[in-house]
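In this note's numbering, the protein residues as written are 405 to 513. Positions of the beta carbon are idealized from the N, C-alpha and C atoms, including for glycine. Reviewing the structure listed below.
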Amino acid sequence: MAFILPLVLLVAMYALVMRPQQRRVRAHAQLMSQVEVGDEIITAGGVFGRVIRIDDETMQVEIAPGVEITTLRRMVMDRLGEPTDDEPDEPDEAADDESGHHIDESGPA
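Spelled out as structure tokens, the structure:
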């Protein structure tokens with residue numbers, strides 16, 4: 405009976421800690437392999453930019469017009485998606501009052 409408790413704890417640790425970490429590592433490796441020249445990215449340091457050149461371990465990222473930095477490929481945290489058509493470009497000004505607060509015209513709750 406004393407042998408079962410450590411075995412259960414080991415299985416629980418694997419299921420709760422190690423397995424999710426393996427999934428995150430695989431997802432990050434897949435993200436790094438999908439990054440291409442021209443993609444908008446976010447680095448681990450929070451820098452937004454557009455990829456201009458990719459080497460084996462590094463890449464050039466343009467963070468402002470004419471400003472390029474070199475960063476490690478593994479520092480890419482996310483690729484920014486293209487905006488979709490169903491996202492509004494500008495807020496509906498008719499639904500806001502002078503203070504910028506949204507006016508709910510649906511009636512009483």
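- At the C-beta level, ILE446 and ARG454 stay beyond 9 Å of one another.
- Assignment of LEU476 by DSSP, reduced to helix, strand and coil, places it in the strand class.
- By the Cβ test, the stretch 447-467 is not in contact with the stretch 418-433, since fewer than three Cβ pairs between them sit closer than 8 Å.
- By the Cβ criterion, the stretch 433-452 is in contact with the stretch 469-483, since at least three pairs of Cβ atoms, one from each stretch, lie closer than 8 Å.
- Separation of VAL451 and PHE407 (C-alpha to C-alpha, rounded to the nearest whole angstrom) is 50 Å.
- In the three-state reduction of the DSSP assignment, ALA468 falls in the strand class.
- The beta carbon of VAL439 lies closer than 8 Å to those of ILE445, VAL455, ILE458, MET463, ARG477, VAL480, ARG483 in the same chain, with the five residues before and after it left out.
- Excluding five sequence positions before and after MET436, the CB atoms of its chain that fall closer than 8 Å to its own CB belong to ARG477, ARG478, VAL480, given in chain order.
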